[in-house]
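Only one structure is covered here, and it is reproduced in the block below.
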Amino acid sequence: MMDAKPADVRGPQEPWRDPSAVPLIEIRDVVKTFGNFVAVDDVWLDIYPREFFALLGPSGCGKTTLLRMLAGFETPTSGSIRIDGVDMSAVPPYRRPVNMMFQSYALFPHMTVEQNISFGLKQEGMGRSEIADRVAAMLGLVELTDFARRKPHQLSGGQKQRVALARALVKRPKVLLLDEPLGALDRRLREQTQFELVNIQESLGITFIIVTHDQDEAMTVSTRIAIMDRGRTVQVGTPGEIYEYPNSLYVSQFIGEVNIFESRVVEAGKDHVTVFSPEADTTIFADRGLDAVPGQEVYAAIRPEKMSIAKTPPEDAGHNCISGTVFDIGYLGSISVYHVRLANGTKVKVTTANRHRFVERPITWDDPVWVWWPPAASVILLA
Amino acid sequence: MKPGFSAMTVSALTLGFAFLYIPILLLMIFSFNESRLVTVWGGFSFKWYGELFRNRLLLESIWVTLKIALTSATLALVLGTLAAITLVRFVRFRGRTLFSGMIFAPLVMPEVITGLSLLLLFVAVDWDRGFSTVVVAHTTFTTAYVAVVVQSRLLTFDEMLEEAAMDLGATPLRTFFVITLPVIAPALVSGWLLAFTLSLDDLVIASFTTGPGATTLPMRIYSQVRLGITPEINAISTILIAVVALGVITASLIQKRQFARRGGHG
Chain A
8 MMDAKPADVR GPQEPWRDPS AVPLIEIRDV VKTFGNFVAV DDVWLDIYPR
58 EFFALLGPSG CGKTTLLRML AGFETPTSGS IRIDGVDMSA VPPYRRPVNM
108 MFQSYALFPH MTVEQNISFG LKQEGMGRSE IADRVAAMLG LVELTDFARR
158 KPHQLSGGQK QRVALARALV KRPKVLLLDE PLGALDRRLR EQTQFELVNI
208 QESLGITFII VTHDQDEAMT VSTRIAIMDR GRTVQVGTPG EIYEYPNSLY
258 VSQFIGEVNI FESRVVEAGK DHVTVFSPEA DTTIFADRGL DAVPGQEVYA
308 AIRPEKMSIA KTPPEDAGHN CISGTVFDIG YLGSISVYHV RLANGTKVKV
358 TTANRHRFVE RPITWDDPVW VWWPPAASVI LLA
Chain B
144 MKPGFSAMTV SALTLGFAFL YIPILLLMIF SFNESRLVTV WGGFSFKWYG
194 ELFRNRLLLE SIWVTLKIAL TSATLALVLG TLAAITLVRF VRFRGRTLFS
244 GMIFAPLVMP EVITGLSLLL LFVAVDWDRG FSTVVVAHTT FTTAYVAVVV
294 QSRLLTFDEM LEEAAMDLGA TPLRTFFVIT LPVIAPALVS GWLLAFTLSL
344 DDLVIASFTT GPGATTLPMR IYSQVRLGIT PEINAISTIL IAVVALGVIT
394 ASLIQKRQFA RRGGHG
């Protein structure tokens with residue numbers, strides 16, 4: 008699943024690594040409070056042209072408020088937002104070079120699909136024939152040409168979603184804001200639509216900012232993700248960076264499955280760190296440096312799919328190797344999840360891809376097993 | 144579990160409806176009576192409807208009543224809509240509870256009180272009573288009904304629609320006229336119709352606030368009945384019932400259709 012991500016394919020275009028690149032959106036020290044509640048707390052973000060940027064976090068983390076500030080529906084309590092070099096603080100929503108796709112779609116119920124899509128162009132005072140051309144092209148793009156004269160209440164959920172997308176894109180905004188755009192769709196349709204969104208974004212070259220609480224969705228569509236927690240951005244990076252190198256316990260647990268072992272630093276260097284975990288009853292070695300002193304409390308985080316499991320110990324069993332007993336197996340079709348209990352009671356989760364038939368699985372309940380992982384799989388997080 | 148049509152429910156229903164509608168039905172039947180005597184059937188005839196259109200006083204009061212109803216319903220629509228928007232959109236302002244209480248008080252205020260207090264006001268400010276004072280009085284009490292109807296529609300109005308319109312480049316004023324008004328239009332129409340029919344058949348408040356040259360139809364009917372009931376009165380009453388029923392049925396149909404449509408797509 009990880010190696011098929013479009014985000015990795017687009018590797019070479021990474022403007023955030025280029026110091027001379029000019030951001031399209033500059034969010035500077037933005038704070039938004041509602042009464043005593045701090046919805047957005049000191050956010051600083053640069054978003055570059057043609058990015059597909061995701062704001063990811065649990066509900067109430069401030070991601071939607073941040074998006075609404077970009078659209079102009081909320082004003083920052085302090086801080087500033089610049090879009091394409093222009094300070095947005097005095098610009099009302101109807102003069103901003105951004106368009107938004109609403110979670111509830113917010114289609115105008117008294118207008119046909121065609122009228123909904125042409126609404127934005129009419130506000131610009133565009134000529135009738137040009138509007139017709141643009142709307143026809145948009146209808147083609149979202150495959151709704153046959154539904155042009157329908158009213159929103161005559162459409163399915165997926166069709167409404169595509170009308171909302173077309174309506175927001177037809178003005179060719181500099182930035183498209185998407186608020187949980189796929190939340191109302193069922194799982195299969197959502198996965199299919201995620202790839203369509205990416206294709207449309209790449210073909211139009213518009214910067215997309217998506218708000219979502221669905222980590223799979225954020226991983227699938229985005230170039231970079233900002234993980235938010237209680238109004239703050241806790242980590243900003245590519246899906247790969249965030250998954251492989253989470254910078255905190257919160258991020259590692261929010262994205263994907265992870266085994267966490269409380270540990271103490273034995274030795275820390277520029278390119279490696281060794282910790283001992285009483286919980287795992289082993290020495291854990293990581294091949295990335297850490298700014299820590301011996302004896303410091305840290306967490307070792309290891310993804311279940313990066314662990315190996317076997318009934319025999321590996322040849323170089325030393326560090327990064329633990330042994331225990333299988334007490335539960337979860338069969339999910341493509342993968343199996345092994346729950347292993349160590350001698351000291353600690354529980355560890357290991358997943359393996361089912362390349363063979365389940366019935367041929369060599370490991371079963373109550374088998375004594377060894378679990379190990381390479382140094383690159385250990386991530387040491389400061390407590 | 145729904146109860147079926149047992150003998151008990153059928154007879155209860157029949158008796159109930161009979162109690163409500165037999166007097167009206169009798170009135171309507173006797174409007175087609177050939178005889179001048181109100182209680183004796185003398186054969187079917189449209190005679191009294193013909194008489195009606197030769198009665199200048201009645202025709203005049205019909206015209207006055209229609210003008211008053213049209214003007215006051217339109218004024219009530221504007222004021223009631225503004226009140227409803229204020230109540231729904233500006234959730235927190237000082238004195239909101241007092242304001243909403245005062246908007247809806249005329250709904251339960253006895254008509255005699257409303258009429259009397261308005262009369263005292265008009266006398267106090269030395270406002271010559273006539274067409275304009277009846278319009279003001281009717282606007283006052285029908286505004287409450289419009290506000291109720293429009294408020295209930297606005298409560299379910301998705302404000303995201305307005306945000307979407309502004310996001311697409313429409314100014315707030317334009318958004319109100321192109322998005323908000325068309326979407327709540329059915330509620331406005333039914334509120335207007337309600338105000339119109341209320342004004343049309345009001346007797347008490349009009350009696351208090353009217354003056355020379357502004358005798359409304361219900362007042363004309365009432366004063367004629369005191370001189371003795373003529374089949375002519377039955378005829379004009381039948382027409383009045385038809386107009387009011389049409390208005391009320393249209394208003395409720397519009398609301399029902401709108402409700403079904405909104406329910407249909409969640």
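Going line by line, the protein sequences match chains A and B.
Number 378 in this note's numbering belongs to position 371 of the first sequence; there are no gaps in the numbering.
Number 172 in this note's numbering belongs to position 29 of the second sequence; there are no gaps in the numbering.
Just so you know, even glycine gets a beta-carbon here, dropped at the ideal spot from N, CA and C.
None of these values were measured; they are calculated from a predicted model.
Practice problem: Could you name the residues of chain A that PRO325 of chain B contacts, counting a contact when the two beta carbons are closer than 7 Å? | Solution: Within chain A, the residues HIS117 have their CB atoms less than 7 Å from the CB of PRO325 of chain B, given in chain order.
Practice problem: Give the residues of chain B in contact with PRO100 of chain A, contact being defined as C-beta atoms less than 8 Å apart. | Solution: Residues of chain B passing the Cβ test: GLU306, MET309 and ASP310.
Quiz item: Residues of chain B with CB under 7 Å from SER111 of chain A, in chain order?
Solution: Chain B residues near SER111 of chain A: ASP301 and MET303.
Practice problem: Tell me GLU81 of chain A's beta-bridge partners as DSSP assigns them. | Solution: In the DSSP assignment, GLU81 of chain A is bridged to no other residue.
Self-check item: With 16 other Cβ atoms within 10 Å as the buried cut-off, status of ALA313 of chain B
Solution: The residue in question, ALA313 of chain B, is buried, as its Cβ has 16 or more Cβ neighbours within 10 Å.
Quiz item: On the three-pair Cβ rule with 8 Å, is the stretch 346-361 of chain B touching the stretch 207-224 of chain B?
Solution: These segments touch.
Quiz prompt | Which listed residue (A:VAL47, A:ARG57 and A:ALA113) has its alpha carbon closest to that of THR84 of chain A | solution = When C-alpha distances from THR84 of chain A are compared across A:VAL47, A:ARG57 and A:ALA113, the shortest belongs to A:VAL47.
Practice problem: Report the rounded CA-to-CA distance for ALA219 of chain B versus VAL255 of chain B, giving the unit in angstroms. | Solution: Straight through space, the alpha carbons of VAL255 of chain B and ALA219 of chain B are spaced by roughly 20 Å.
Exercise. Spell out whether any CB of chain A is found under 8 Å from the CB atom of HIS408 of chain B.
Key: Since pLDDT at HIS408 of chain B reaches only 40, below the 50 mark, its modelled position is unreliable, and the value read off the structure follows with that caveat. True, the Cβ-Cβ gap to chain A drops below 8 Å.
Exercise. Measure the Cβ-Cβ separation of VAL37 of chain A and VAL50 of chain A and say whether it is below 8 Å.
Key: Remark: C-beta atoms of VAL37 of chain A and VAL50 of chain A approach each other more closely than 8 Å.
Exercise. Would you kindly report the start and end of the unbroken alpha helix (DSSP H) that includes PHE173 of chain B?
Key: Looking at the DSSP string, the run of the alpha helix (DSSP H) that includes PHE173 of chain B is 150-173.
Self-check item: Beta-bridge partners of ALA317 of chain A, as assigned by DSSP
Solution: Note: ALA317 of chain A sits in a beta bridge opposite A:TRP377.
Practice problem: Leaving aside the five residues before and after LEU422 of chain B along the sequence, list all residues of the same chain whose C-beta is less than 7 Å from its C-beta, in chain order. | Solution: Outside the modelled stretch of chain B, which goes from 144 to 409, sits residue 422 of chain B, for which no answer is possible.
Self-check item: Nearest candidate by alpha-carbon position, reference THR323 of chain B, set B:THR152, B:LEU304 and B:PRO249
Solution: THR323 of chain B has its Cα closest to that of B:LEU304, out of B:THR152, B:LEU304 and B:PRO249.
Quiz prompt | Host beta strand (DSSP E) of PHE233 of chain A (start-end) | solution = Strictly speaking, residue 233 of chain A in this sequence is Ala, with Phe absent from that position. Element bounds for ALA233 of chain A: 231-236.
Quiz prompt | Between the CA atoms of ALA78 of chain A and ILE34 of chain A - distance to the nearest angstrom | solution = Rounded to whole angstroms, the gap between the alpha carbons of ILE34 of chain A and ALA78 of chain A is 13 Å.
Self-check item: Residue-chain proximity (ALA78 of chain A, chain B), Cβ-Cβ < 8 Å
Solution: Yes, its Cβ sits closer than 8 Å to a Cβ of chain B.
Quiz item: At what residues does the beta strand (DSSP E) containing ILE213 of chain A begin and finish?
Solution: Run containing ILE213 of chain A: none; DSSP gives neither H nor E here.
Quiz item: Taking Cβ positions, are ALA161 of chain B and ALA338 of chain B nearer each other than 8 Å?
Solution: No, Cβ-Cβ distance for ALA161 of chain B and ALA338 of chain B is not below 8 Å.
Self-check item: Nearest-angstrom beta carbon gap, ASP294 of chain A and PRO382 of chain A [assumed within contact, 8 Å]
Solution: 4 Å between Cβ atoms; contact.
Exercise. For PRO320 of chain A, verify whether its CB is less than 7 Å away from any heavy atom of the ligand FMN.
Key: As for the ligand FMN, it is missing from this structure, which has no ligand bound.
Quiz prompt | Inter-residue Cα distance where the pair is VAL182 of chain A and VAL293 of chain B | solution = Spanning the two alpha carbons is a distance of roughly 37 Å.
Practice problem: Report the three-state DSSP secondary structure of GLN242 of chain A (helix, strand or coil). | Solution: GLN242 of chain A falls in the strand class under three-state DSSP.
Quiz item: Taking DSSP as the reference, what is the three-state secondary structure of TRP206 of chain B?
Solution: In the three-state reduction of the DSSP assignment, TRP206 of chain B falls in the helix class.
Quiz prompt | Beta-bridge partners of ILE342 of chain A, as assigned by DSSP | solution = Its beta-bridge partners are A:ALA360.
Exercise. Mind checking the stretch 253-269 of chain B against chain A and listing, in chain order, the residues whose C-beta falls within less than 8 Å of any C-beta there?
Key: Per Cβ criterion, the list is empty.
Quiz prompt | Spatial distance of PRO241 of chain A from LEU339 of chain A (CA atoms) | solution = Here residue 241 of chain A is Val; the residue named in the question, Pro, does not match the sequence. For the pair VAL241 of chain A and LEU339 of chain A, the Cα-to-Cα distance works out to about 32 Å.
Quiz item: How about ILE316 of chain A and TRP372 of chain A: are their beta carbons less than 8 Å apart?
Solution: No.
Quiz item: Quick one: Cα of GLY238 of chain B to Cα of TYR101 of chain A, how far?
Solution: C-alpha separation (whole angstroms): 32 Å.
Quiz prompt | C-alpha gap between ASP389 of chain A and PRO26 of chain A, whole angstroms | solution = Strictly speaking, residue 389 of chain A in this sequence is Leu, with Asp absent from that position. Between the alpha carbons of LEU389 of chain A and PRO26 of chain A lies a distance of about 28 Å.
Practice problem: At 9 Å on the CB atoms, spell out the chain B contacts of GLY263 of chain A, in chain order. | Solution: Listed along chain B, no residue sits closer than 9 Å to GLY263 of chain A by beta-carbon distance, the nearest being about 33 Å off.
Quiz item: With 8 Å set as the bound, which would you pick, yes or no: does the beta-carbon of ALA313 of chain B sit closer than that to a beta-carbon of chain A?
Solution: With 8 Å as the cut-off, ALA313 of chain B counts as an interface residue toward chain A.
Quiz item: Unbroken alpha helix (DSSP H) runs of length 4 or more, entirely within the stretch 71-144 of chain A: which are they?
Solution: Those alpha helix (DSSP H) runs which fall completely within the stretch 71-144 of chain A and span 4+ residues are 120-131.
Quiz item: Taking any Cβ of chain B, which residues in the stretch 127-141 of chain A have a Cβ under 7 Å from it, in chain order?
Solution: Listed by position, the residues of the stretch 127-141 of chain A near chain B (Cβ gap below 7 Å) are GLY127, GLN130 and GLU131.
Quiz prompt | LEU146 of chain A burial status per 10 Å Cβ neighbour count (16 or more: buried) | solution = By the neighbour-count rule (16 or more Cβ atoms within 10 Å), LEU146 of chain A is buried.
Practice problem: My understanding is that VAL386 of chain A touches PRO285 of chain A, with C-beta atoms under 8 Å, so please give their C-beta distance in whole angstroms. | Solution: About 19 Å separates the beta carbons of VAL386 of chain A and PRO285 of chain A, which is beyond the 8 Å limit, so they are not a contact pair.
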